[in-house]
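Following this note's numbering, the numbering of the sequence shown begins with -4 at its first residue and continues without gaps. The beta-carbon is built from N, C-alpha and C at its ideal position, and this holds for glycine as well.
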Amino acid sequence: MTISKLHNLDTSSLLKPIQIGNITINTPLTLAPMDGMTNYAFRRLVREYSGEDCGLVCTELLSSLILTSPHHPRSRAKFDWQPTIEFPFAVQIYGNDPAMMADAAQILVEAGAPIIDINMGCWVPKIARKGGGAGLLRDVCTATAVVDAVVQAVDVPVTVKVRAGYEVGQPTAINFAKAAEDVGAKLIAVHWRYAKQGFRPIPPDWTIIRQVKEAVRSIPVLGNGDVKTTADAIKMMLETDCDGVMIGRAAAGHPWLFKQIAHEIRTGEPFPLPSMATRAQAALDHARVMVETSEHSDETVTILELRGRLHQYFDEFVEEDERIAQLRYHLVRVNTLADIEALLMPFIEEREYI
Ligand SMILES: Cc1cc2nc3c(=O)[nH]c(=O)nc-3n(C[C@H](O)[C@H](O)[C@H](O)COP(=O)(O)O)c2cc1C
């Protein structure tokens, strides 16, 4: 669907605020939690470039086991949120022991988490096979007991992110969503794939999102999975009647994506894409803040993580321009923050380039 075709649809009603318990998010476009990606450095960029057009950001997943082991060296390492910059935001936890999840949620709320999100979407075997993440969807009773325990333990809204189910063809998310609502969950986000499908590049089937939306009585449902463009976001909302859209991979390197989608839905006009100077500045800010706030004392470890991230800011130009192809080539080979600065500063200073 092109933007001009979108203009013929009445999409104005799609950008309605969502109520998550006592918290209102102004735009129903939200950032999906992504381990290794949605750390403070990136969430801050989303707030800077998309503002309130990203209704909600979410931390990476945190282990309830680690959080409740006070002497574990990583137990507080990822408490990286800055409420004044990020609000509204959710902090995500995983685990399958209701009491431990409740304790972990309390620790996070004491540390300022305004929303607790429970991960029932992670398919990675080391988590799901042990019954955490999407592994909980094999056992709706335990999954519901986890939500119940967390809701009872904290006085902030509790949300849940699920996949369609665990085994392909067994959409347990539907019954679970009803049960989760009954015990007090305030929002459900649904990634349409089954856990067993991992991230298989199969054609999206958003039926499960509609089914979950029909199953719950009054809490909002976010649709998730393979939304890359404004057209995808509109299509998902219209086809499934979901209240909003959660976007993950497409936002990597594109912290302005939420502003872009909101603008295109509101106006029907294409969003003016950021210049090279803006992209280079965003990539550099990402690197600097990550180095400043990293849990690793050794800069090299952070730079290795950044190698896989920074080139994403320049995706759109990859075919067109030899100088940008070179930039991308070198960004995946940097060793220090100084290397990154040396690569990006010329594009920032040369404001007219593309
Ligand atoms: C690198 C990566 C890390 C992820 N980490 C998490 C996570 O910590 N918690 C979670 O609930 N989902 C996680 N997900 C799943 C995403 O939140 C999202 O459900 C999935 O990517 C589908 O949405 P998308 O097609 O918009 O990317 C992760 C996905 C990716 C690609």
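In the three-state reduction of the DSSP assignment, T25 falls in the strand class, which pools E and B.
Per DSSP, S292 lies in no alpha helix (DSSP H) segment and is marked neither H nor E.
Between ligand 1 and I256, a heavy atom-to-CB distance of less than 8 Å is absent. By the Cβ test, the region 190 to 206 is in contact with the region 234 to 248, since at least three Cβ pairs between them sit closer than 8 Å. Of all C-beta pairs linking the region 51 to 59 to the region 294 to 304, fewer than three are shorter than 8 Å, placing the two stretches out of contact. Taking C-alpha positions only, S70 is separated from T63 by approximately 7 Å. According to the DSSP assignment, F194 belongs to no beta strand (DSSP E), since it is labelled neither H nor E. Non-local C-beta neighbours of L131 in its own chain, meaning closer than 8 Å and more than five positions away in sequence, comprise N91, M115, T137, A138, V141, ordered along the chain. Distances taken from the Cβ of L103 to the heavy atoms of ligand 1 include none shorter than 8 Å. Around the beta carbon of D150, a 10 Å sphere encloses fewer than 16 other beta carbons of the protein chains shown; the residue is thus reported as exposed. Look at L56: its beta carbon is less than 8 Å from one of the heavy atoms in ligand 1. Between the beta-carbon of L182 and that of L217 there is about 7 Å, and that keeps the pair under the 8 Å contact cut. Burial check for A282: the Cβ neighbour count within 10 Å reaches 16 or more, so the residue is buried. Here the residues close to ligand 1, judged by CB distance below 6 Å to any of its heavy atoms, are A27, P28, M29, D30, G31, M32, E55, L56, Q87, N114, G116, C117, K156, H186, N219, G220, D221, V222, I242, G243, R244, A245 in chain order. Taking the Cα positions, Q14 is about 24 Å away from I102. Nearest in C-alpha terms to R133, of all of I335, R158, D112, is R158.
The DSSP-derived three-state label of M32 is coil.
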